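In our numbering, the protein residues as written are 65 to 1082. Written below as structure tokens is the structure these notes are about.
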């Protein structure tokens, strides 16, 4: 921070003291340094008691509530003295600390303190409300309510400031209550509801706000929402406090119940099936016989068609399981598809159970890929993915269906903030904090609608002939769409049955899933009746779906799971699909509705012996493992993989006939299954399969940038390998966990994993394997600045012939480059290029070209560097490889700078930073920023360069990358050398210490610069 002088500030300079949120003193556009946390507490207590004497004992109690040191009073005086000097230097008479007998006083214009301003607004607003002027009170109350951050956030407070923080929180709550009251008085219940939804979700015991929200929702016509608020409030109050709702809340519940209206009766609206391109259409197939919900469908269609083009449209659909939320969302999305040419996206958030719930990070990965974003561009961290997702949606006309959401926290990161996108969210829970609009809450079908659905399934003649039996049937089904469809399908496949026959059968059955014994009774009975007529093969296949955790199964997987021939498995699946017991989500891919899966799992536990269940899952895992090996054949060294996996012959070789070698699309389709099955194998006694499946999947995950998946699967595999006592497998899991750590900047974790590998393999007498692990450790040494160790390991690996030369040469060349041994580095990279060309390996050819260009750039041979770097990028573009692309672009940007082509240089710097963020390689993010800063200084934009260097330093420090830390420190010293030579010297000394430790060539220039600087004052 640059020093200020009092002359810099005049009486009219803007000044503010902030205590809402964190403590800050702002003078103009700059912030005053406030010292240590204890010193900040002194200032905070003086501020909240502005213009009052604060006794010394209050200050001591605040700083040391429990056990003050003997030097407490002396320390307080030091803190106060520091603050007085700072304020005297940078502020004016409007803000001064004075020492008085017994303590200190802050003399301040209270209008400068945000807390006092808010308190004044709150008092004025209360007076206006009492005077019957709510319209004038609203803007004041909005200002108070907007202060969401707690008082003095980030500081550990003592008793006085803690009490003041709580008082400020209570003032804000009271202001929000008054603001909601004002909106209701002014006839704006939607505004009141929007204001209170998120507050209520965060503070479920705030009963007054719950009551106001119920009033607002009832007044807005959402009585169902008001009742949902009541139920949530009652559960919180009784569960956490042991008290019932207040009399006011009970009265509001009665009023909401009286105001609640059912969905009106409607006629069938035929759905037009339109043939669509699948390029960006990820919507699952919907039912062709959609019935009912006309008012809701019309409302949603109208909302979308009349929306404002620049603002996202978000609509929530909630209701119990099986009520048709997904069907409704897909029906609406399909009817509007032509309005969204940039994509119709769909993701199942799997929110029905905690174990299977999809994280926002994983959901964003799926959605970005559906939009066509290449895997290599998708960032690793949630904030970066979120930024990319919202940036992509900002200009695209896209329809997004977020199905089966767990709660608002899961959905909120997935919502766009700008642009023309439309998002439909379905959930079993009522989500109150996502949008001002109340959600569309689906009840069950009305009886006429349920009868209409039954008619589409069994025919008008049968329903007309047995009208009363049909009414009884839909009544038994609870008019729940899923149950009606299952019962109707059963009848459709039994043309000789009367409807009354099925009614009698359903009345005789009572089979209920755990946890759904009341609200879903009829659904379970319908499930049982659909299952009972099946032959044994169909029954066993249906039950088998309850044994596995994967999202879907293909025909070969089902055949392996049930030990059936492929053709027979296909026939059984066709029968189950026809009976609506199994859903075919795409050609040859099958899944169960989540309630059906629970039902199937319960049946399997009851009807199948444990050894049979275990053997069935083992068969599936064996088939999946061999399928992954076959699909990875073109990207994985078959010899190495065979050595690692130690596989026998597949149990069902006949089911592998249809698996294509190198079928990466199949692996992409199975990605979530691979994760789920690896975890299931580890948890259910299939330990050898767990670690083998993780290892077999590694190459696919690695080349596609799924580093989170590597961590999940290999962590499960590591635990499994340890349980079964396979030390070779334990070493494998550590080795490949390290690969994910290296790519994401977790160098210390990578080092820990690899040292464990060396230790295990050395103990097993596997000297070659231990050396291969040391080679991998050499990469960590290179990235963490231990260049000599990296150099020695690479040379030893080459001499030992334990690895192919192709992966060793680039690491050796890069290490030599970092040491400034450019001629040797050039020779190694040329050899790398020669070997890669001989083997026609485009991946290594592009890397070698890029590395050669990097050396030329550092030697100042810019024409050659440009040719090599551009050739490397062109080859990467041709082969689709994103590996090390960001580094190559960064070197090309530096080359353009040295050629004086600054505009091109700046464009390429920004492209390099974006590419590094997309690939998740944090060390390259730091490198690219350091390079950008050099160019910014060259074009006279020193201030921007300093900011970029600070970013580079923060990233490099966070991941412990010393080389880029030192470069950033050296660059910051250049920026400070004229105005702050002492600080510049300190930065250069820190950078020199790092470069000296590494043996990097930059140390020579830094020594010269330090020698040329004037000696610091003594």
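Ideal placement from N, C-alpha and C gives every residue a C-beta, glycine not left out. These numbers were taken from a predicted model, which means no experiment stands behind them.
> For the beta strand (DSSP E) that contains residue 467, what are its first and last residues?
Replying inline: Where residue 467 is concerned, the enclosing beta strand (DSSP E) stretches over 463-469.
> Hey, residue 88 and residue 98: beta-carbon distance below 9 Å or not?
Replying inline: In this structure, residue 88 sits near residue 98, with a CB-CB distance shorter than 9 Å.
> To which residues of the same chain is residue 647 closer than 6 Å at the C-beta, ignoring the five residues directly before and after it?
Replying inline: Exclusion of the five residues before and after residue 647 leaves 655 as the residues of its chain whose Cβ lies within less than 6 Å of its Cβ.
> Got a sec, what are the start and stop residues for the beta strand (DSSP E) residue 772 sits in?
Replying inline: Where residue 772 is concerned, there is no enclosing beta strand (DSSP E), although the alpha helix (DSSP H) around it starts and stops at 771-787.
> In whole angstroms, what is the alpha-carbon distance linking residue 120 and residue 210?
Replying inline: A straight-line Cα-Cα distance of about 34 Å links residue 120 and residue 210.
>> Can you tell me where the beta strand (DSSP E) holding residue 848 begins and where it ends?
In response: Residue 848 -> no beta strand (DSSP E), and no H or E assigned at all.
>> DSSP three-state label for residue 177, please.
In response: In the displayed model, residue 177 falls within a strand according to three-state DSSP.
>> Among the candidates 617, 638, 645 and 631, whose CA atom is the shortest distance from the CA of residue 653?
In response: The shortest Cα separation from residue 653 among 617, 638, 645 and 631 belongs to 617.
>> Looking only at its chain, what residues have a beta carbon closer than 7 Å to the beta carbon of residue 1052, apart from the 5 residues adjacent to it on each side?
In response: Cβ neighbours of residue 1052 beyond the five flanking positions: 1034, 1037, 1070, 1073 and 1074.
> Is the region 889-898 touching the region 859-877 in the sense that three or more CB pairs, one from each, lie closer than 8 Å?
Replying inline: Between the region 859-877 and the region 889-898, the count of Cβ pairs shorter than 8 Å is three or higher; the stretches touch.
> Got a sec? Which residues, its chain only, sit under 6 Å from residue 1040 by beta carbon, not counting five neighbours each side?
Replying inline: Contacts found: 1047 and 1048.
> Alpha carbon to alpha carbon, what distance is there between residue 292 and residue 516?
Replying inline: About 29 Å.
> How about residue 665 and residue 703: are their beta carbons less than 9 Å apart?
Replying inline: No; because the gap between Cβ atoms is not below 9 Å, this pair is not in contact.
>> For residue 21, list the residues DSSP reports as bridge partners.
In response: There is simply no residue 21 to check, as the chain begins at 65 and stops at 1082 in what is shown.
> What is the DSSP secondary structure of residue 95, reduced to helix, strand or coil?
Replying inline: Here DSSP, grouped into helix, strand and coil, assigns residue 95 to strand.
> Among the residues of its own chain, which have a CB less than 6 Å from the CB of residue 1030, if the five just before and after it don't count?
Replying inline: The residues are 1055, 1058 and 1059.
> Which residues mark the beginning and the end of the alpha helix (DSSP H) in which residue 229 is found?
Replying inline: That run of the alpha helix (DSSP H) goes 223-249.
>> According to DSSP, simplified to helix, strand and coil, what is residue 104?
In response: In this structure, residue 104 counts as helix in the three-state DSSP scheme.
>> For a test of the three-state rule: what should DSSP assign to residue 1044, helix, strand or coil?
In response: Three-state result, residue 1044: coil.
> Is the distance from the Cβ of residue 740 to the Cβ of residue 783 below 9 Å?
Replying inline: Contact annotation: residue 740 and residue 783 have beta-carbon atoms that are not nearer than 9 Å.
>> Is it the case that the region 924-934 contacts the region 950-969, given that we only count it when at least three CB pairs across the two stretches are under 8 Å?
In response: Flag = yes, the region 950-969 and the region 924-934 touch.
>> On the CB-based measure, 16 or more other CB atoms within 10 Å of its CB, does residue 759 come out buried or exposed?
In response: Result: buried.
> Using a Cβ-Cβ cut-off of 6 Å (strictly less than) and excluding sequence neighbours within five positions of residue 519, which residues of its own chain qualify?
Replying inline: Listed in chain order, the non-local C-beta contacts of residue 519 below 6 Å within the same chain comprise 527, local neighbours out to five positions each way being set aside.
>> Which of the three DSSP states is assigned to residue 267 in this structure?
In response: Residue 267: coil per DSSP, three-state reduction.
>> Which of the three DSSP states is assigned to residue 490 in this structure?
In response: Here residue 490 sits in strand by DSSP.
> Considering only C-alpha positions, which residue in the set 467, 294 and 882 is nearest to residue 313?
Replying inline: That would be 294, whose Cα lies nearest to the Cα of residue 313.
> Counting along the chain, where does the beta strand (DSSP E) carrying residue 409 start and finish?
Replying inline: Taken as a continuous stretch (DSSP letters only), the beta strand (DSSP E) holding residue 409 covers 408-412.
> Apart from the five residues on each side of it in sequence, which residues of its chain come closer than 8 Å, Cβ to Cβ, to residue 870?
Replying inline: Counting only Cβ-Cβ distances below 8 Å, and skipping sequence neighbours, we find 896, 899, 900, 903, 905 and 908.
> Roughly how many angstroms separate the alpha carbons of residue 765 and residue 421, rounded to a whole number?
Replying inline: Spanning the two alpha carbons is a distance of roughly 21 Å.
> In chain order, what residues of the same chain lie with their CB nearer than 6 Å to the CB of residue 805, ignoring the 5 residues before and after it?
Replying inline: Counting only residues of its own chain and dropping the five nearest sequence neighbours on each side, residue 805 has a CB closer than 6 Å to the CB of 813 and 814.
>> What would DSSP say about residue 618, mapped onto helix, strand or coil?
In response: Under the three-state reduction of DSSP output, residue 618 falls in the strand class.
> With 16 other CB atoms within 10 Å as the buried threshold, where does residue 827 fall?
Replying inline: Here residue 827 is exposed. Its C-beta has fewer than 16 other C-beta atoms within 10 Å.
> In angstroms, rounded to a whole number, what distance separates the CA positions of residue 83 and residue 238?
Replying inline: Cα to Cα, residue 83 sits roughly 19 Å from residue 238.
> Can you name, in chain order, every residue of its own chain whose Cβ lies under 6 Å from the Cβ of residue 1066, other than the five neighbours on each side?
Replying inline: Cβ neighbours of residue 1066 beyond the five flanking positions: 1059.
>> Between which residues of its own chain and residue 406 is the CB-CB distance below 6 Å, once the five residues before and five after are set aside?
In response: Hits under 6 Å: 460, 461 and 462.
> In whole angstroms, what is the alpha-carbon distance linking residue 499 and residue 469?
Replying inline: Rounded to whole angstroms, the separation of the alpha carbons of residue 469 and residue 499 is 15 Å.
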